[in-house]
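Everything below concerns the one structure shown next.
Below, the structure written as structure tokens:
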């Protein structure tokens with residue numbers, strides 16, 4: 013499966029590059045989008061290799077959680093009307109999610125599923141942006157994340173379903189079950205993204221930090237994956253799948 017994921021990821025990035033080319037022709041601003049694209053590619057291949065190698069993945073997860081917690085405090089500190097209870101609730105919620113995500117990174121016997129979840133999340137997230145910028149007309153969470161559109165979410169979901177179809181032979185479930193599971197992962201990814209966006213809106217900031225150029229911080233880049241991974245571990249722990 014590992015080489016299949018590499019080939020699928022590469023194919024998706026080629027499709028994404030075509031999408032960015034079309035977006036640039038439509039809206040301009042090519043330099044910033046291409047920089048974001050190539051940095052994203054480095055991140056994706058790096059995370060996939062960490063999961064495949066198994067041992068580095070928990071360390072990567074711990075680093076993401078530590079930096080994420082720091083970003084939560086950082087954006088709160090810069091809000092002139094900051095309230096302590098907002099930070100307290102955010103830290104407690106992030107701690108619970110981080111607990112689940114860290115255990116998710118240590119599921120060495122589930123490395124195939126970890127890799128699949130990451131591929132689904134990045135596919136849904138990446139193509140939601142591409143389809144949204146190319147075809148987006150109708151926003152559905154304008155107050156939380158004004159750039160998210162119904163068309164974008166549907167496009168990202170369609171590409172995630174393509175992933176389920178392409179990798180169906182590697183799991184001991186039929187295509188219908190894998191499709192439903194993929195749909196659930198997309199919902200988890202969207203919820204994680206919206207939680208992170210909502211916290212930014214509460215603190216009146218656009219980005220969590222500038223640690224990753226063009227990506228608005230570690231949480232902006234990994235919020236969906238962290239939440240989805242935590243939910244997967246929780247469901248596995250409870251025996252739901």
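In our numbering, the protein residues as written are 13 to 253.
Positions of the beta carbon are idealized from the N, C-alpha and C atoms, including for glycine.
Given this structure, state the Cα-to-Cα distance separating residue i from residue j, to the nearest angstrom.
i: residue 154; j: residue 205; result: 14 Å
i: residue 118; j: residue 86; result: 28 Å
i: residue 255; j: residue 211; result: Shown here, the chain extends from 13 to 253; a query on residue 255 therefore has no answer.
i: residue 177; j: residue 229; result: 32 Å
i: residue 186; j: residue 26; result: 29 Å
i: residue 223; j: residue 101; result: 24 Å
i: residue 13; j: residue 109; result: 28 Å
i: residue 18; j: residue 122; result: 18 Å
i: residue 61; j: residue 132; result: 16 Å
i: residue 143; j: residue 28; result: 10 Å
Which residues mark the beginning and the end of the alpha helix (DSSP H) in which residue i is found?
i: residue 244; result: 230–249
i: residue 199; result: 187–214
i: residue 19; result: 14–39
i: residue 48; result: 42–65
i: residue 166; result: 162–178
How would you label residue i, buried or exposed, when you count the other beta carbons within 10 angstroms and need 16 or more for buried?
i: residue 44; result: exposed
i: residue 184; result: exposed
i: residue 236; result: buried
i: residue 170; result: exposed
i: residue 209; result: buried
i: residue 242; result: buried
Every unbroken alpha helix (DSSP H) inside the stretch 94–135 [4 residues or more]: 96–117
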